[in-house]
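So the sequence shown is numbered by this note's numbering: it starts at 105 and just counts up by one. Worksheet for the structure shown next.
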Amino acid sequence: MFFPEGAVRVHLYGRPVDMRKSFDGLYALARHGVGQDPLSGHLFVFINRRATQMKVLYWDRSGFCIWAKRLESGRFVSDWSRATSREMDWTGLKLLLEGIEPARFKKRFALPASHRKPA
Numbered sequence: 105m106f107f108p109e110g111a112v113r114v115h116l117y118g119r120p121v122d123m124r125k126s127f128d129g130l131y132a133l134a135r136h137g138v139g140q141d142p143l144s145g146h147l148f149v150f151i152n153r154r155a156t157q158m159k160v161l162y163w164d165r166s167g168f169c170i171w172a173k174r175l176e177s178g179r180f181v182s183d184w185s186r187a188t189s190r191e192m193d194w195t196g197l198k199l200l201l202e203g204i205e206p207a208r209f210k211k212r213f214a215l216p217a218s219h220r221k222p223a
C-alpha cells in the first residue's frame, strides 16, 4: 500500500518487543503501550531487543497488515536506554529503515525574512 507522505503518522514503540508477537499482540501494544487506536490507519513500529528486526503494524480499511524487516548486519537502535515511544513522520521511518536514527538529527527551519539579520 502507498501512503501520502504528509498524512502518515508513525508511532515508534520505545521498548524492545518479542518478535513472536503477531497481529493481536502488536494490536495490544499499539492500543495500551503507545496509547493510540490501531484502527486509525497510522503506522506502529516495533523493534526487537537486539534491534535487528522491525515490524510495522497498520490497518488498511479491510484488515491489519504487518511489514517486517530483518537486518543482516547493524542495528535499528544503538542504545535502548535512550529510546522512547514517540511519534515520527514518514521520512523518519524511511531513515530508520535505512539504519539512520532520526532522533540524532535536528530539523533545520529557515527563519522568515522579517527575522533575518541584514547582510
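The C-beta atom is built at its ideal place from N, Cα and C for all residues, glycine as well.
The shortest C-alpha to C-alpha distance from Pro142 to any of Asn152, Ser126, Phe168 is the one to Phe168. Shown here, Arg153 sits in coil according to DSSP, grouped into three states, outside any helix or strand.
When DSSP states are grouped into helix, strand and coil, Arg135 belongs to the helix group. The alpha carbon of Ala111 has as its nearest neighbour, out of Trp194, Leu201, Leu199, the alpha carbon of Trp194. Under the rule that a run must span 3 or more residues, the beta strand (DSSP E) segments found entirely inside the stretch 165-208 read 168-174, 190-192. No Cβ-Cβ contact shorter than 8 Å links Val121 with Leu197.
For His115, the enclosing beta strand (DSSP E) has its first and last residue at 114-116. Here Phe148 is bridged, per DSSP, to His115, Leu161. Excluding the 5 residues flanking it on each side, Ala187 has same chain C-beta neighbours closer than 6 Å at Gly118, Val181, in chain order. With fewer than 16 other Cβ atoms from the protein chains shown falling within 10 Å of its own Cβ, Lys173 counts as exposed.
Per DSSP, reduced to three states, the secondary structure at Pro120 is coil, with no helix or strand assignment. Here His115 is not near Glu202, since their CB atoms are 8 Å or more apart.
The Cβ atoms of Tyr162 and Gly139 lie no closer than 8 Å to each other.
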